[in-house]
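As numbered in the numbering used here, residues 13 to 352 make up the sequence shown, in order. Working notes for the structure below.
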Amino acid sequence: MQERLKTLKADAWQDITAVKDSKELDEVRVRYLGRKGELTGLLRGMGQLPAEERPTVGRLVNELRSELESSLEAKREALEQEELEQSLKSEMLDISLPGRQPGRGHIHPLNLVLDEIKQLFISMGFQVVEGPEVETDYYNFEALNLPPDHPTRDMQDTFFVSKDILLRSQTSPVQIRVMENQKPPVRIIAPGKVYRVDDLDATHTPMFHQVEGLLIDESATFGDLKGLLNVFIEAMFGKGRKIRFRPSFFPFTEPSAEVDVECIMCSGAGCRVCSQTGWLEILGSGMVDPRVLQIVGYDPERYQGLAFGVGVERIAMLKYGIADIRLLFENDLRFLGQFK
Ligand SMILES: [Zn+2]
13 MQERLKTLKA DAWQDITAVK DSKELDEVRV RYLGRKGELT GLLRGMGQLP AEERPTVGRL
73 VNELRSELES SLEAKREALE QEELEQSLKS EMLDISLPGR QPGRGHIHPL NLVLDEIKQL
133 FISMGFQVVE GPEVETDYYN FEALNLPPDH PTRDMQDTFF VSKDILLRSQ TSPVQIRVME
193 NQKPPVRIIA PGKVYRVDDL DATHTPMFHQ VEGLLIDESA TFGDLKGLLN VFIEAMFGKG
253 RKIRFRPSFF PFTEPSAEVD VECIMCSGAG CRVCSQTGWL EILGSGMVDP RVLQIVGYDP
313 ERYQGLAFGV GVERIAMLKY GIADIRLLFE NDLRFLGQFK
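And the structure:
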């Protein structure tokens, strides 16, 4: 019996040492200590031993059992440690590698210009007002002194949704909506998208952005209009920029004037951008036609108004030297990334 115990102990040692992972370790445990294991088998066989041998053998078996248990436990710990080191090694992060930075967005050049214009006029006491892009014929034409048979309507090729509904061709309808709901004085700018039937080329898009300004007061004069636009042009293109007013015609202003700015490329000397004239056409303006004041219920004998409208794309193109308007809408990141 004691011989068998010795052999069993030697075998168990060999098996435990050979174990390579926790699954094999479990198998070894079952083989020796399990319910049908070898050591358990020995204990069952004790009944056949002579009575005087039983205590000694019993003690030896119990000793061997606890020896095996602690060996198995030690092996288990060693295996766990090994497995932990393995996984640490395979999952190791190299924290000295430079990280991947997410691309950072920035403001579109049109919005840069729009924000600048808004800030300027807000600082002069103007309110920023927005209105619907889908308008009625009344607000887009009729209330702006363009009756149904007016020849100017043919000049504006408009996107009609139905007979009376259209995509606004100017932001002027916002002025009418404001004047209908507010008593003078009025000081607003109306920025937003406008739509005209136009073929896409280097200077035309069927949708573009306008900012219109309107000031109504008891003592508004053409001199105020000139002063205001001078401040605006200098803020956009730098101090000392010459401007000139050319008589023009708009149905909702009288008198009306186109405003030119001294060419910002050649400072008036004449170049390709200004077609050798030294001047760039930049905006339309004028004193609000008394007829428009009447339509919204203002007393034209008491109030005068001045108004102007400017294309935001035109300003952005001149300011940043952009030759093709389509660049502003193609969203090429190589282009947009230059306006940080
Ligand atoms: Zn020029």
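We put the beta carbon where it would ideally sit given N, CA and C, even for glycine.
Worksheet item: According to DSSP, which residues form a beta bridge with Arg199?
Response: Leu227
Discussion item. Are the CB atoms of Val73 and Leu54 within a distance shorter than 7 Å?
Written reply: yes
Discussion item. My output table needs one value for Glu270: the three-state DSSP class, helix, strand or coil.
Written reply: strand
Practice prompt. Kindly list the residues whose CB is nearer than 7 Å to the CB of Val146, restricted to its own chain and excluding five residues on each side of it in sequence; keep chain order.
Written response: Val173, Ile177, Leu179
Worksheet entry | Start-to-end residues for the alpha helix (DSSP H) that takes in Phe341 | 339 to 342
Discussion item. Going residue by residue through the stretch 283 to 315, where are the continuous beta strand (DSSP E) segments of at least 3 residues, counting only ones entirely within it?
Written reply: 291 to 300
Worksheet item: Opposite Lys48 in the DSSP bridges: which residues?
Response: According to DSSP, which records beta bridges pairwise, Lys48 is partnered with nothing at all.
Worksheet item: Measuring from the CB of Met329, is there a heavy atom of ligand 1 at a distance below 6 Å?
Response: Met329: no, Cβ never under 6 Å from ligand 1.
Discussion item. Using a Cβ-Cβ cutoff of less than 6 Å, which residues in the same chain neighbour Ser34 once the five nearest sequence positions on both sides are dropped?
Written reply: Scanning its chain for C-beta atoms nearer than 6 Å, with the 5 sequence neighbours on each side dropped, one finds around Ser34 the residues Leu91, in chain order.
Discussion item. If contacts are defined as beta-carbon pairs under 8 Å, then Ala328 and Gly225 qualify, I think. What distance do you get, rounded to the angstrom?
Written reply: Rounded to whole angstroms, the Cβ separation of Ala328 and Gly225 is 18 Å, and the two are not in contact under 8 Å.
Discussion item. Assuming the contact rule is C-beta atoms closer than 8 Å, Arg338 and Leu212 should be a hit. Round their C-beta distance to whole Å, please.
Written reply: 7 Å
Worksheet item: Which term fits Ala22, buried or exposed, when burial requires 16 or more other beta carbons within 10 angstroms of its beta carbon?
Response: exposed
Discussion item. By DSSP's criteria, Phe220 is part of a beta bridge. Which residues make up the other side?
Written reply: Val206
Worksheet item: Contact check, Glu293 vs Glu270 under 8 Å by CB: the rounded distance?
Response: Cβ atoms of Glu293 and Glu270 come within 8 Å of each other, at about 6 Å.
Worksheet item: In chain order, what residues of the same chain have a beta carbon less than 7 Å from the beta carbon of Val141, not counting five sequence neighbours either side?
Response: Val186, Val190, Ile200, Ala202
Worksheet item: Below 8 Å, can you find three or more Cβ-Cβ pairs linking the stretch 230 to 240 to the stretch 311 to 318?
Response: yes
Worksheet item: Going by C-alpha distance, which of Phe138, Pro196, Gln131, Ala335 is nearest Ala214?
Response: Ala335
Worksheet item: Which residue spans inside the stretch 103 to 139 form an unbroken alpha helix (DSSP H) run of at least 4?
Response: 121 to 135
Worksheet entry | Rounded straight-line distance, which links the Cα of Arg112 to that of Val273 | 46 Å
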